[in-house]
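First comes the structure, then the notes that go with it.
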Amino acid sequence: MHISITSLLSTPLFCAVAVLASQATDDVSTLGTEAAKASNQSLLWGPYKPNLYFGVRPRIPNSVFAGLMWAKVDNYATAQENFRHTCEQNEGMAGYGWEEYDVRKGGRETIHDAGNSLDLTIDFVKVPGGQHGGSWAARVKGVPREDALPNQPTTIVFYAGLEGLGSLDVSTESDDPRGFEGDVKLKGYTSELADFSIDVTTGPESNEHPEHVHPSYEDRPLDRTLVSSSTVPLEHTWQTKALLFTQMKQAVDETVGKYGAESPPPPAQVFTIKNSPGDGNMQFVQKIFSGAFEFDVLFSSGSSPGPLTSETLTSEIKSASLSFSERFKRILSPQSPFNTADYIEFSKSMLSNLVGGIGFFHGTDVVDRSAAPEYDEENEGFWEETQEARARAQPVLEGPKDLFTSVPSRPFFPRGFLWDEGFHLLPVLDWDPDLALEIVKSWFSLMDEDGWIAREQILGSEARSKVPPEFTVQYPHYANPPTLFMVLEAFIDKLDAKEESAQTYREDNESLQSVYVTKPELGEGFIRSIYPLLKKHYFWYRSTQGGDIKSYDREAFSSKEAYRWRGRSVQHILTSGFDDYPRAQPPHPGELHVDLISWMGMMTRALRRIANTLGESEDAEEFKAYETAIERNIDDLHWDADAQTFCDATIDEYEESVHVCHKGYVSIAPFLTGMVGPDSPHLKAVMDLIEDPEELWSDYGIRSLSKQDEFYNTAENYWRSPVWMNINYLVLKNLYDIALAPGPQQSRASAAYTKLRKNLVDNVFREWKETGFAWEQYNPETGKGQRTQHFTGWTSLVVKIMSMPEVPASERTGHDEL
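The sequence shown maps to residues -21 to -1, 1 to 797 in mature numbering (1 follows the signal peptide of the UniProt record, and there is no 0).
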């Protein structure tokens, strides 16, 4: 076989933007209780590099990180492309993700790598103890799939790196250049973690390794563990796959030089690193197996009572699984008709992938601080002016900054999204209130002096590597739906139900997940600590996203409560979250957007309730006045009597204010945000629209745009027909609230709630079973999952939907069938 092995591994390193260093901030709760500190310490370590199939780091900038890479190495032509590391959309996966995961204890991730004919199981656990966040361990098991060749060779690489100051070296003694026969031990130190060690075990005796008769076996036997140590520039440490290929190339060059390219050794032996253990900020540990395999990675904090062992890991795996199942049953167990084994397994997986997708990000972001006057979008034709202004702007790197957040999708969107995060945290708030609030606090810590938070958080070179350059720049006049306030309002609900909520979490036998609920005074203290930031953020919206009432002689209860998204182009309002949803044509500076005023109503209501909880009576009165004015103006400015729906408004060629009506998610925004209640005179029309199969209703959920709209299923068709789980959850929640409240639409809402809940869950479940993935959106005609796969962000709201109760029988009587 004639092949140029050298060319296979000539992958160049990518250029990276230098990450500015900063001192780690003290992320321990300032509320002054030992319980709060212990809760925070239990969150230190985790698989907080969600862009990787398995990547571990602490919530400390410029610290230690670790991960895995693997590949089937039975063929020269495909070996390099078989290496797995970062989660990707099109890598031949039959499904992957966390079956069980609790951020404080650990869990199990399974990876069905059809392309490599390998099923991988990674049990990850955290063990508390000491002064530095405790220890952690991972058990890695590989089993060839049914279509694998006998004795399939697999190479797997564990690596550990150091992003900042400290030390990391191989402490296991070995003079054999061919590799290690026993366990490999790394030792390290950083100022935040103090001393630590990492043991990579050989695994059980059942592990087998490839055999061959090539003469090179004497130089590099495949039953040894290879360790390569190197020092690389800090800005390149995240490029571990490229660094591995660079290491392999050195070994390949030696092999080719010695044996020639005409009759090389088997691929499993060629695709290896050179055994060169020592000091360095990057440590690669490579193993080569034949058939099934297993080994452990044991990270032991030097301040813990003792080092972790494989025996301890076995015990902790069982304990973590039992704890997860018992806790899940108490808090988020699916309710009828989803209380069967299949749905329970599905719900556990969806919750685990949501929580297992939480990441810690550190680095600079790219911001346009030009404050160009065109960004006010006050002139006709403003979208052309803003495009020119963006083209001549010179964005700057700001930071570095930190963010603790869940992500929409590990392969496609491994970064923070402001409007997604509020939806992510709704089930997390039920599961682990303190975790949800820690994430809320992290987001609000990103606020600038004006009250702006960038809607997309792309922090550092690693995060930017997954984003097209034209989307990396953030603009301080761009908003996003303020969904974090939904989470805070839901937390206020928990505080209002103090005794019931506290009892639920006391029964958990562990206070780590529930300090702010079991001790409501601490919960109120948390809210008070961020209250100034909440107000600053709110008034930033009011000052930057305001709409014009006075200039166009619009009649409304209030002359101030009108709103318009900035960042508009002809076909898109990305800032609204509804991207390509049809809007007024052409754009006009006199536009008013019904979805934005609805979000402002929700935001105002949440702040009013927060102010009441904190005893800030003057603030509460002020917010109540805004809330009333918004409620009245939603009707005065946006209700269209002829179309019987809420509509955007714009200015026509006669300088008159007119409605632009596209029935769908935007037109039901007042309902979605709770601004249309059981007594609203418009509720019947909203229900008519939602329930009509020729408008929004489908067997798989509520469509984003009416079937009758001229733009239905056209152009990009992103928000122009598909079913989205986040909006369907809001529909369902508000149907439930109406079903429990006396009113003319009560029984009708009950019936719609019951049918929609079943349609949504059954479809997401069916697609999960058939494809192995949750999806970004679902086709309204077929129910098929679309766009991004492994979308375990807000699609995981299905967990909360399954845990919602059926409407009591007394509320279901007397309704008509849909």
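Just so it is clear, CB atoms sit at the ideal spot from N, CA and C, and this is done for glycine as well. Model, not experiment: these values are computed from the prediction.
query, result
"Simplified DSSP state of glutamine 550, which is helix, strand or coil", "coil"
"Reference alanine 730, options Tyr715, Trp77, Leu512, Glu417, closest by Cα", "Tyr715"
"Host alpha helix (DSSP H) of glutamate 305 (start-end)", "289 to 310"
"Per-residue DSSP class, three states only, for serine -12", "Bear in mind that the predicted position of serine -12 carries a pLDDT of just 32, short of 50, making it unreliable; the figure below should be weighed with that in mind. Of the three classes helix, strand and coil, the one that applies to serine -12 here is coil, per DSSP."
"Integer-rounded CB distance, given that asparagine 742 should sit under 8 Å from glycine 722", "The pair is not a contact, with the Cβ atoms about 29 Å apart (cut-off 8 Å)."
"N-terminal and C-terminal residue of the alpha helix (DSSP H) that histidine 403 is part of", "397 to 410"
"For alanine 728, three-class secondary structure by DSSP", "helix"
"Residue burial classification, glycine 285 (beta-carbon count within 10 angstroms, cutoff 16)", "exposed"
"Start and end residues, alpha helix (DSSP H) containing methionine 426", "It is not in any alpha helix (DSSP H) - methionine 426 carries neither H nor E in the DSSP assignment."
"As assigned by DSSP and simplified to three states, the class of glycine 167", "strand"
"Residue-chain proximity (isoleucine 576, chain D), Cβ-Cβ < 9 Å", "Here chain D cannot be found, since the structure has a single protein chain."
"Aspartate 5 to glycine 439 span [Cα, whole Å]", "For aspartate 5, the predicted model reports a pLDDT of 37, less than 50, meaning its position is unreliable; a value from the coordinates is still stated below. Answer to the nearest angstrom: the Cα atoms are 21 Å apart."
"Residue environment, arginine 371, which counts as buried when at least 16 other CB atoms sit within 10 Å", "exposed"
"Alpha carbon of isoleucine 39 to alpha carbon of leucine 22, nearest angstrom", "11 Å"
"Range of the contiguous alpha helix (DSSP H) that encloses proline 499", "499 to 523"
"Proximity of glycine 335 and glycine 86 at Cβ, strictly below 9 Å", "yes"
"Glycine 717 and leucine 662 closer than 9 Å at C-beta", "For the record, residue 717 in the displayed sequence is isoleucine; it is not glycine. Yes, Cβ-Cβ distance for isoleucine 717 and leucine 662 is below 9 Å."
"Contacts around isoleucine 552, its chain only, beta-carbon distance under 8 Å, and the 5 residues preceding and following it disregarded", "Trp544, Gly546, Asp558, Tyr560, Arg562, His572"
"Closer than 8 Å: valine 573 CB and nearest the ligand ZN heavy atom", "Summarising the ligand content, the structure contains no ligands, and the ligand ZN is consequently not present."
"Separation of methionine 582 from serine 782, as counted between CA atoms", "26 Å"
"Rounded Cβ spacing between glutamine 623 and alanine 664 (contact assumed at less than 8 Å)", "4 Å"
"The region 289 to 297 contacting the region 210 to 222, beta-carbon criterion three pairs below 8 Å", "no"
"Option in Thr219, Val119, Ser328, Leu128 with minimal Cα separation from aspartate 275", "Val119"
"Burial state of glutamate 570, where buried means 16 or more other Cβ atoms lie within 10 Å", "buried"
"Sub-9 Å separation of phenylalanine 752 and phenylalanine 770 beta-carbons", "yes"
"Check whether residue 824 and serine 726 have beta carbons under 9 Å apart", "The structure shown has nothing for residue 824, since the chain only spans -21 to 797."
"Where valine 211 falls: helix, strand or coil (DSSP)", "coil"
"Three-state secondary structure assigned by DSSP to valine 386", "coil"
"Sequence-distant residues of the same chain with beta carbon closer than 7 Å to isoleucine 296, five excluded per side", "Asp102, Val104, Arg118"
"Segments assigned alpha helix (DSSP H), at least 4 residues, entirely inside the region 13 to 92", "13 to 20, 55 to 61"
"Element boundaries [beta strand (DSSP E), containing leucine 147]", "146 to 149"
"Range covered by the beta strand (DSSP E) that runs through proline 132", "132 to 141"
"Residue environment, serine -12, which counts as buried when at least 16 other CB atoms sit within 10 Å", "Here serine -12 scores only 32 on pLDDT, less than 50, and its place in the model should not be relied on; the value that follows carries that caveat. Label assigned to serine -12: exposed."
"Entirely enclosed alpha helix (DSSP H) segments - the region 596 to 638, minimum 4 residues", "596 to 617"
"Close beta carbons around proline 374, own chain, < 7 Å, minus the five adjacent residues each side", "Val345, Val346, Asp347, Val452"
"Inter-residue Cα distance where the pair is serine 42 and glutamate 441", "15 Å"
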